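Going by this note's numbering, the letters in the sequence shown line up with residues 1 to 274, in that order.
Note sheet for the following structure.
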Amino acid sequence: MTAALTLEGVSIQFGGIRALEDVSCQVPAGQLRGIIGPNGSGKTTLLNVISRIYPVTSGAIRLFGDDITRWPNHAVARHGVMRTYQRVALVNQLTVLENVMLGLHATRRQSLLGIAFCTPGYRRFERESVDRARGTLEFVGIEHLADRRGDELSGGQMRLVEIARAVVSRPRVLLLDEPAAGLSLVRIDEIADLIRRINAELGVTVVLVEHVLNLVMSLCERISVLVSGQLLVESGSPSEVQEDPRVREAYLGQARAHGPGQGQGEGEAADARA
Ligand SMILES: Nc1ncnc2c1ncn2[C@@H]1O[C@H](COP(=O)(O)OP(=O)(O)OP(=O)(O)O)[C@@H](O)[C@H]1O
Ligand SMILES: [Mg+2]
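Shown next, in the form of structure tokens:
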């Protein structure tokens, strides 16, 4: 089995907060892995250490066997790790097509000279980028939005553009941070179908952080559960995770802490059982 991602004893500390503590797990190449856990359990931090936005305090991270623990974040992107963000981050002044093209600029090195003098090589790169971005918009099903500006889109459309920007460079690993947050049930179904196709048709290994538990349970073969920075379940099937009393307790504990009707946890624990 080739592991796309391997985490070995990864810990990260912010001041007095241990956001991740001795996290070890493997994601096999081609897998669609779900990561769940209550608010503040370290899910986003986990994606941030994999994409090397945060340096780990200790431990090691491997990408297809290469030790990327100390690589700069752009090198990790160039080696095929792309991501989306919990808070969508499009460039509002650019069109959808241009936003998606940014995904190619992030992964290819362009000489400043080429850009400044608009050399034939750079012009070819730009032409290819337009073609690939249009192809990706078609794949995602939003080619009709190509000329809209970032700030003219609905929340659901922004999330799709962000995914298009992350897959345009054909990454080997895609990290998704709550792609279904705030979406209607119909839009959640659409995004589920898209994630499935990215995994199955493009052969991309996907790590999906998500609070919509029904989506994770229906999409992911294996699920990891993070609680208070530690892996409660390293890799379980959807039914193993749903039936694990420790997982239920983690969500219900959070709901209790937030009081009745406050936490997302209680509803989601019910979702997980559904
Ligand atoms: N840059 C940072 N500086 C200080 N503390 C941080 C930083 N990033 C994360 N944390 C802390 O680390 C812990 C884990 O946060 P993280 O955002 O990873 O949780 P999460 O599981 O993604 O939560 P949510 O489900 O609400 O998105 C929290 O206590 C958070 O306050
Ligand atoms: Mg988060």
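Glycine is no exception: its CB is placed at the ideal position from the N, C-alpha and C atoms.
Since the structure is predicted, the reported quantities are computational estimates derived from the model, not experimental observations.
DSSP beta-bridge partners of residue i
i: V173; result: V81, T205
i: A60; result: E8
i: R33; result: V207, R222
i: L20; result: I12
i: P28; result: A3
i: S230; result: Sequence inspection shows Gln at residue 230; the Ser mentioned does not correspond to that position. In DSSP, Q230 forms a bridge with V227.
i: T95; result: R149
i: D66; result: L63
i: G236; result: I223
Closer than 7 Å: residue i CB and nearest ligand 1 heavy atom
i: G59; result: no
i: G40; result: yes
i: G37; result: yes
i: A89; result: no
i: T107; result: no
i: I17; result: yes
i: F285; result: Since the first residue shown for the chain is 1 and the last is 274, residue 285 is missing from the structure and cannot be characterised.
i: F14; result: yes
CA-to-CA distance, residue j to residue i, given in whole angstroms
i: R196; j: L47; result: 20 Å
i: L174; j: S41; result: 21 Å
i: V225; j: Y122; result: 45 Å
i: S235; j: G37; result: 13 Å
i: R149; j: L90; result: 10 Å
i: D147; j: A257; result: 46 Å
i: L102; j: A250; result: 39 Å
i: A274; j: L215; result: In this prediction, A274 has a pLDDT of 30, which is less than 50 and means its spatial position is unreliable; nothing more can be read from the coordinates.
i: L208; j: H144; result: 27 Å
i: V181; j: I191; result: Looking at the sequence provided, one finds Ala at residue 181 rather than Val. Whole-angstrom Cα-Cα distance: 11 Å.
i: I223; j: V96; result: 32 Å
i: G59; j: S218; result: 32 Å
i: I163; j: R87; result: 13 Å
i: L232; j: C220; result: 17 Å
i: T44; j: V27; result: 17 Å
i: L202; j: L194; result: 11 Å
i: A272; j: E240; result: With a pLDDT of 37 at A272, under the threshold of 50, the modelled position of that residue is not reliable, and the figure given next carries that caveat. When rounded, the distance between both Cα atoms is 11 Å.
i: F125; j: S24; result: 39 Å
i: E138; j: N73; result: 29 Å
i: A270; j: D177; result: In this predicted model, A270 has a pLDDT of only 33, less than 50, meaning its place in the structure is not dependable; the value taken from the coordinates is given anyway. The alpha-carbon atoms of A270 and D177 are separated by roughly 22 Å.
i: R187; j: G9; result: 37 Å
i: G229; j: E21; result: 5 Å
i: A106; j: E128; result: 15 Å
Ligand 2 heavy atom lying under 7 Å from the CB of residue i
i: T84; result: no
i: T44; result: yes
i: D189; result: no
i: D177; result: yes
Presumed contact (8 Å Cβ cut-off) between residue i and residue j, rounded CB distance
i: E210; j: G30; result: About 19 Å; that fails the 8 Å criterion.
i: V168; j: L104; result: 6 Å
i: V76; j: I68; result: 5 Å
i: E80; j: P179; result: In the sequence on display, residue 80 carries Gly and not Glu. G80 to P179, Cβ: 19 Å. No contact.
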